[in-house]
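Chain order of the listed sequences is A and B.
Numbering (numbering that gives the first Met the number 0) for the first sequence: 0 to 240.
Numbering (numbering that gives the first Met the number 0) for the second sequence: 0 to 240.
In what follows, a single structure is set out as structure tokens and then discussed.
There are 2 protein chains.
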Amino acid sequence: MSNAIPTASPSFLKCGQCSLGKLCLPVGLDPKDMNQLEDIVESQTPYKDQQKVYQASQAFERIYAVKSGMFKTVVNSSNGNEHIVGFHLPGELFGLDAIYPQKYVSSAYSLGTSSVCAINYQDLEALAGKLPSLQKQLMSLMSKEVHTSNAQSLEQTAEQKLATFILTLSSRYKQRGYSDTRINLMMPRRDIANHLNMAAETVSRLFKRFQTSGLLDIKRTELEIIDMEALKALAGCASAC
Amino acid sequence: MSNAIPTASPSFLKCGQCSLGKLCLPVGLDPKDMNQLEDIVESQTPYKDQQKVYQASQAFERIYAVKSGMFKTVVNSSNGNEHIVGFHLPGELFGLDAIYPQKYVSSAYSLGTSSVCAINYQDLEALAGKLPSLQKQLMSLMSKEVHTSNAQSLEQTAEQKLATFILTLSSRYKQRGYSDTRINLMMPRRDIANHLNMAAETVSRLFKRFQTSGLLDIKRTELEIIDMEALKALAGCASAC
DNA sequence: CATGCAGCTTGACTTACATCAATGCGTCTA
DNA sequence: TAGACGCATTGATGTAAGTCAAGCTGCATG
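Next up, the structure:
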């Protein structure tokens, strides 16, 4: 619990006051331009656990920035099963993959009680045209997204994939000012397994093995990394070297 | 050979004249603004087979648009082996994942004799700030990239992955005005296998199986799709339904 | 407090695919 | 036109991880 991402935060804080400003869209934005961004950002009431933000195939209108908690985006693959494309932490954007097709290609759900800022994309595009640093940051975040997605398709054993997943979460938490060793996973084993393309049983067995070899300590969704270096070695340092 | 992507094309054609304009950056661009884009696009002499365009870790300067032939982008994973992130066809951009880190994260190589347009990213960013439709198209292409990358991480059998790969190529060729049934793969089995995270032997066995069951006909890199519908069914329609 | 239920763990068994190894085929060079 | 080299094919074998099935744990609900 010590490191739990706050599940409710000062909800209607403006960008200029938001502590996520240094990770989110406002990066590099001149304070005098901040209010223009604030004007198009729509603060919403928090979402309940598993509540849907948007639905695949729905017309694209807004992108979302996580304010607190965590969200997951899920695609329906053709054979009927779902695949979790990503988990999104505070300061991260989601819904960007909808820009090209102009409709959402994934559905987004809250994990626990979580909140977002919603931003009308047309407005954002218009504003980015006026504010070069906003345009720059938007492109930068999109590029990061491409890179993250590409990194996922690397050939790895289940062990490496899980170790990498934990380390990636850890470093993202750290960036956000939370502990990088005590992490609340927020999601069930099934979701981790689904995201990493493995069976939930495999995740369970691997966590056991990691725990037995003294790499970490886990109880339900409460995870503590004990031996970060060993974990990095295991991951092949793919993420956080 | 009938459908070979031209390995050499009118090399120093300007954007306004280039037949790829309807897929590439100029989409939606007002003809009167075209010359501004043309001014920052640098036409280069063609690359020879396997010639390097840029190298991972090199400082990011330019993004590239394929003019003719094909390019592959390759990342060096931590354990020393390489992974082919993507193959790029005419009208597609590559190097976009370098925007965020400001250095190339992959290396790019030509497959066969191929050519590109190089575009200084700073100039492009500046121009996009002035031309809303260019900005829009740039974001759109980035979004498409995110989506493509995400689609790759779906849980699939080797059979589904290979079928999907062929269908994706087919539909991309079709978009470009080439046959969608007669395709020159350009790359060896090893590269296909690497890209799809499987052994080259598996690719070989699968091609054999596809051929035996009358789905396609393949001889080295010359591929003909015989039963498109069956192939789509096999792929689970993940790509081109 | 008992009951249920969802999520997690653990074990036994199966399988898809990788790996290893040998052979075949095409193209380039001398 | 012989040799060699790179790439593709084919077969035999091994293994990581999936599937199936049973039991466990702990939170929620009446």
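C-beta atoms are modelled at their ideal positions from N, C-alpha and C, and glycine is treated no differently.
Since this is a predicted model, take the numbers as computed values, not measurements.
Contact annotation for ILE98 (chain B) against chain A: MET138, SER139 and SER142 [CB-CB distance below 7 Å, chain order]. By the C-beta criterion, the region 98-111 of chain B is judged to be in contact with the region 135-152 of chain A, since at least 3 inter-stretch pairs fall below 8 Å. Counting only the Cα atoms, GLY20 (chain A) lies some 19 Å from SER178 (chain A). Of A:LEU214, A:ILE165 and A:ASP190, the smallest CA-CA separation from VAL73 (chain A) is found for A:ASP190.
Against chain A, the CB of SER148 (chain B) has a partner CB under 9 Å away; the residue lies at that interface. Among the residues facing chain A, LEU95 (chain B) is included, as its CB has a counterpart in that chain under 9 Å away. In chain A, no part has a C-beta under 7 Å from the C-beta of GLY27 (chain B); the shortest such distance is about 13 Å. For ILE191 (chain B), the enclosing alpha helix (DSSP H) has its first and last residue at 188-194.
When DSSP assignments are scanned along the region 68-124 of chain A, the uninterrupted stretches of beta strand (DSSP E) that are 3 or more residues long and fall wholly within it turn out to be 81-87 and 106-119.
In the three-state DSSP reduction, LYS51 (chain A) falls in the strand class (E or B). DSSP, read as helix, strand or coil, puts TYR172 (chain B) in helix.
When only Cα atoms are considered, GLY128 (chain A) and GLN121 (chain B) end up about 15 Å apart.
Nearest in C-alpha terms to GLU91 (chain B), of all of B:SER113, B:GLN54 and B:LEU195, is B:SER113. Residues of the same chain with a CB within less than 8 Å of the CB of GLN50 (chain A), apart from the 5 flanking positions on each side, are TYR108 and SER109 in chain order. LYS66 (chain B) sits buried, since 16 or more C-beta atoms from the chains shown fall within 10 Å of its C-beta. Between GLU144 (chain B) and ILE182 (chain B), the gap from beta carbon to beta carbon reaches 9 Å or more.
GLU154 (chain A) belongs to the set of residues whose beta carbon lies under 9 Å from a beta carbon in chain B. DSSP lists no bridge partner for SER178 (chain A). Inclusion of SER152 (chain A) and SER42 (chain B) in the CB contact set at 9 Å is not warranted, their separation being larger than that value.
Contact annotation: GLU154 (chain B) and SER212 (chain A) have beta-carbon atoms that are not nearer than 9 Å. The Cβ-Cβ distance between LEU130 (chain A) and LEU22 (chain A) does not fall below 9 Å.
Closest by C-alpha distance to GLY85 (chain B), out of B:ALA199, B:LYS207, B:THR167 and B:LYS173, is B:THR167. About 4 Å separates the CB atoms of SER132 (chain B) and GLY27 (chain B); that is less than 8 Å, so the two are in contact. In the structure shown, LEU153 (chain B) adopts coil according to DSSP, grouped into three states. Comparing C-alpha distances from LEU123 (chain B) to each of B:PHE70, B:TYR63, B:VAL52 and B:THR156 shows the shortest one belongs to B:TYR63.
Interface annotation, GLU124 (chain A): in contact with chain B, CB-CB separation under 9 Å. Here the alpha carbon of LYS160 (chain A) sits roughly 19 Å from the alpha carbon of ALA198 (chain B). Counting only residues of its own chain and dropping the five nearest sequence neighbours on each side, ALA234 (chain B) has a CB closer than 6 Å to the CB of GLN159, ALA162, THR163 and LEU166. Separation of GLN54 (chain B) and SER105 (chain B) (C-alpha to C-alpha, rounded to the nearest whole angstrom) is 7 Å. Selection B:LYS135, B:MET227, B:PRO25 and B:LYS13 evaluated against SER170 (chain B) yields B:MET227 as nearest (Cα-Cα). In this chain, the beta strand (DSSP E) harbouring GLU221 (chain A) covers 221-224. By the beta-carbon neighbour count (other beta carbons within 10 angstroms, threshold 16), LYS135 (chain B) is buried.
In this structure, MET69 (chain A) lies away from HIS82 (chain A), with their beta-carbon atoms at least 9 Å apart.
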